[in-house]
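What follows is one structure encoded as structure tokens, with my remarks underneath.
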Amino acid sequence: MNHEQLMKQYETIKARGKKLDMSRGKPSPEQLGTMSRLLTAVIRNDECFSETGTDCRNYGGLDGINEMKRLFGEILNVPMEQVIVGGNSSLNLMYDTVARAMLCGVREDCKPWCKYDQISFLCPVPGYDRHFSICELFGIRMINVPLLSDGPDMDLVEKLVAEDDTIKGIWCVPKYANPSGITYSDEVVKRFAQLKPAAKDFLVFWDNAYVLHDLTDTPDTLLEIFSEAAKYGNEDLFIEFMSTSKITYSGAGISCLASSPRNIAHILSCLKVQTIGHDKLNQLRHSRVFRTLEDVRAQMRVHMEIIRPKFQLLYRVFEEELSEVPGVTWTKPNGGYFICMTLPRGTAKRVVELAKDAGLVLTAAGAPFPYGQDPEDNILRIAPTYPSLNELAEAAPLLCCCVKLAVLEAAQPKVEQNAQNNP
Ligand SMILES: Cc1ncc(COP(=O)(O)O)c(C=O)c1O
């Protein structure tokens with residue numbers, strides 16, 4: 013199709029006046045609807061007690077009720093003593109971890125990060141925009157590190173952390189990374205476990221948000237980080253995070269963090285000043301609905317059945333519409349919430365703009381990069397989970413049309429130049 017024909021197709025779709033949103037990785041109403049039993053899991057006064065007899069309506073229980081500590085411990089494959097249960101958001105726990113390190117230091121014997129002139133974080137890219145926003149808010153310098161197909165470029169990570177003690181942290185989404193969907197290989201995890209940072213208060217933010225979020229029957233597997241790190245006495249480097257945001261309710265789930273016994277003790281000593289305890293009734297409701305790890309896995313299969321057709325629909329349309337377009341590729345992850353599309357250099361912003369003008373909201377181009385700046389302007393994060401299948405069937409051809417238009421526009425000057433040079 014030439015530019016004129018594509019433009020005609022674009023205008024026709026635009027004239028339908030549909031409003032579609034594929035901008036954020038949210039569960040759909042249908043997914044949320046599968047958890048209604050959670051709403052009524054605890055309804056009577058005599059049901060409000062945890063297995064140790066704690067009255068979940070009252071104060072206390074800083075690290076969470078045993079049932080949830082045990083369940084998270086099983087999911088992450090760490091001892092329950094090394095788990096702290098939080099509120100509804102793991103992002104909140106990550107923010108608090110940075111804020112605590114800033115104000116109080118990573119451990120008792122560490123200088124608060126805010127006392128340094130300059131501190132930096134390594135940011136594997138493309139990555140999760142909200143990780144980068146935390147750094148931006150606190151004025152932490154961000155250093156891009158390429159995220160390869162098996163994890164961050166470890167040669168670069170090892171070199172940078174060894175030679176620069178202003179580097180205090182790294183953001184990692186080790187399984188089904190947002191947005192590229194890759195999972196860290198065993199080798200990458202082992203190299204993380206042996207990391208030798210120059211800064212003694214260096215922290216790896218091991219954000220395992222998609223630990224259970226498979227999309228296929230051939231899921232990825234991830235080595236458990238703490239037992240690997242223990243081989244090198246390096247457990248203190250890691251804080252792991254996850255939540256039930258995309259298992260139960262994204263606005264009313266349960267989060268947790270896991271770390272070494274030493275880190276857990278320090279975190280609790282600070283946390284006790286911040287709160288007397290998180291919402292234990294919600295923890296209790298979750299533990300009543302999920303009595304075993306297998307109950308959680310069953311719920312994840314329910315999600316998979318809802319989400320998988322949405323990904324498959326997009327793959328089908330992309331294959332039909334884009335397989336011949338030079339420089340356009342997309343991921344087909346085994347899990348997670350995103351498809352990541354790579355475009356020819358300098359076209360991602362234009363695709364987002366064209367889509368927006370036609371009523372389709374995409375994640376801002378550049379969002380998966382620190383400061384919202386994609387140096388190549390060629391990465392699109394596509395979030396298929398929230399729209400219905402019917403909406404996706406409308407959105408997908410429009411997205412492809414925008415991609416083809418942007419690619420053609422970018423190639424146009426070259427075509428014109430060639431025509432001038434070879435009249
Ligand atoms: C990698 C990653 N971490 C954390 C979150 C947010 O988690 P929570 O809802 O527990 O704050 C998301 C949400 O999209 C995510 O993609």
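Mapping of the sequence shown onto the numbering used here: residues 13 to 435, in sequence order.
No residue lacks a Cβ here, since even glycine has one placed at the ideal position from N, Cα and C.
Nearest-angstrom Cα separation, counted from residue j out to residue i
i: H315; j: T228; result: 11 Å
i: V200; j: K344; result: 21 Å
i: Q21; j: C413; result: 8 Å
i: L159; j: C135; result: 9 Å
i: A367; j: L410; result: 7 Å
i: V157; j: Q385; result: 14 Å
i: D232; j: P191; result: 16 Å
i: F250; j: D33; result: 36 Å
i: C184; j: T195; result: 10 Å
i: D219; j: E59; result: 33 Å
i: D162; j: R203; result: 12 Å
i: V337; j: A423; result: 12 Å
i: L51; j: D291; result: 14 Å
i: E403; j: G85; result: 38 Å
i: F238; j: E247; result: 6 Å
i: K208; j: E175; result: 10 Å
i: K284; j: S400; result: 43 Å
i: G289; j: L74; result: 4 Å
Boundaries (first-last residue) of the beta strand (DSSP E) holding residue i
i: K180; result: I179 to C184
i: T256; result: Unbroken run through T256: none, as it is neither H nor E.
i: N156; result: R153 to L160
i: P136; result: S132 to V137
i: M34; result: L32 to M34
Which of helix, strand or coil DSSP assigns to residue i
i: G98; result: coil
i: V90; result: coil
i: F84; result: helix
i: D226; result: strand
i: V373; result: strand
i: L74; result: coil
i: G37; result: coil
i: S272; result: coil
i: G384; result: helix
i: D267; result: Position check: residue 267 holds Ser in this sequence, whereas Asp was assumed. Looking at S267 - three-state DSSP - the assignment turns out to be strand.
i: V415; result: helix
i: F330; result: helix
i: K20; result: helix
i: R112; result: helix
i: K322; result: helix
i: V173; result: helix
i: R119; result: coil
i: I55; result: coil
i: F214; result: coil
Span of the alpha helix (DSSP H) around residue i
i: C68; result: First-last for C68: undefined, no H or E at that position.
i: F150; result: D141 to F150
i: S335; result: That residue, S335, is in no alpha helix (DSSP H); it is neither H nor E in DSSP.
i: I237; result: I237 to A242
i: R297; result: K292 to V301
i: L50; result: S48 to L51
Residue i - partner residues in DSSP beta bridges
i: I391; result: T354
i: D219; result: F253
i: W342; result: M353
i: G347; result: D226
i: G163; result: L160
i: F61; result: D67
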